[in-house]
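Numbering-wise, the sequence shown is residues 515 to 751 according to my numbering.
By construction, the Cβ of each residue, glycine as well, lies at the ideal position given by its N, Cα and C atoms.
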Amino acid sequence: AIGGAAGTVHAATGYMMCRMTQSTVYVSKAIASCLDQARTQGEAFNADAAARSVYDALWTKENRLQRDFCVFGGEYLMRQPVTGLRGFFGGFFELREDQWAGFLAGWPGLPGNSEHEVWYKRLIFGINLWLLVPPNVKLQLILGAVGFGGIPFFRCVLPVLQDTTLEELPSTGDTMLDAAEGRQAFFVLVTGGEPQNGAGRGRRSRQGVTRIAIETPTPSGRPSAAYNRPTCADATT
């Protein structure tokens with residue numbers, strides 16, 4: 515999946531088109547690698563393994579940390595009154611253009627992303643922004659970071675937290691959902707209830723939901739580890 519289905523919508527701005535276009539580079543390379551591997555090893559192409567490789571290529575550790583940073587920005591803005599938004603954006607657009615434009619782009623290969631792709635760059639961005647906004651916005655940013663930001667926010671700018679709190683996606687596990695599990699999971703996702711009329715008999719629906727959750731990052735940018743896709747190296751005929 516690419517675009518919105520792969521979670522590449524910017525968590526703070528809603529921008530997607532440039533991010534989606536840029537992400538196709540990683541998608542195509544990952545698929546091509548799996549195709550080449552299947553051809554050289556004389557095996558059938560494993561679409562499930564290719565999907566996992568695409569996900570890994572799109573959501574590297576640094577990409578997920580950068581997305582967590584954007585998620586905090588989006589959550590902060592959604593909680594502010596008009597006066598707070600005016601104060602925030604007044605300081606935001608006083609930053610250097612590559613800093614504020616890089617935040618709005620927020621994806622490897624796009625202009626200004628070098629100002630956000632590593633932890634200390636995000637820390638510098640945050641400090642510079644905090645110094646430019648009015649006192650009431652300064653206070654709200656601090657309260658937000660400590661409150662709803664929490665560990666997902668602080669690990670974006672403090673590497674000491676990254677190795678101990680960032681969930682890594684296991685490299686092996688189950689294969690794709692069967693048709694019954696898919697119907698069952700879809701029903702629960704849409705209605706929030708148990709399957710009706712025996713639809714999607716098989717494993718319990720809640721398991722189906724958690725197993726397909728890996729397709730898109732969670733709101734905090736961390737994928738669920740409940741459904742473990744195999745890599746191309748694990749593919750079998």
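Beta-carbon spacing of residue i, residue j below 7 Å
{"i": "N627", "j": "A615", "result": "no"}
{"i": "M534", "j": "I516", "result": "yes"}
{"i": "A525", "j": "C584", "result": "yes"}
{"i": "L609", "j": "N650", "result": "no"}
{"i": "W633", "j": "P595", "result": "no"}
{"i": "V523", "j": "M531", "result": "no"}
{"i": "L655", "j": "W644", "result": "yes"}
{"i": "F586", "j": "Q613", "result": "no"}
Residue interval of the alpha helix (DSSP H) (run including residue i)
{"i": "Q654", "result": "P649 to G658"}
{"i": "Q594", "result": "Per DSSP, Q594 belongs to no alpha helix (DSSP H) and is neither H nor E."}
{"i": "E611", "result": "E611 to A619"}
{"i": "M534", "result": "M531 to Q555"}
{"i": "A526", "result": "Run containing A526: none; DSSP gives neither H nor E here."}
{"i": "S567", "result": "A561 to L572"}
Residue i classed as buried or exposed, judged by whether at least 16 other C-beta atoms fall within 10 angstroms
{"i": "F607", "result": "exposed"}
{"i": "E629", "result": "buried"}
{"i": "R636", "result": "buried"}
{"i": "P666", "result": "buried"}
{"i": "D677", "result": "exposed"}
{"i": "G605", "result": "buried"}
{"i": "S537", "result": "buried"}
{"i": "G661", "result": "exposed"}
{"i": "S567", "result": "buried"}
{"i": "R581", "result": "buried"}
{"i": "K543", "result": "exposed"}
Nearest-angstrom Cβ-Cβ length linking residue i and residue j, presumed shorter than 8 Å
{"i": "E631", "j": "P622", "result": "6 Å"}
{"i": "A571", "j": "Y540", "result": "4 Å"}
{"i": "A552", "j": "F559", "result": "5 Å"}
{"i": "G601", "j": "V647", "result": "6 Å"}
{"i": "L549", "j": "R669", "result": "Not really, about 36 Å apart at Cβ, beyond 8 Å."}
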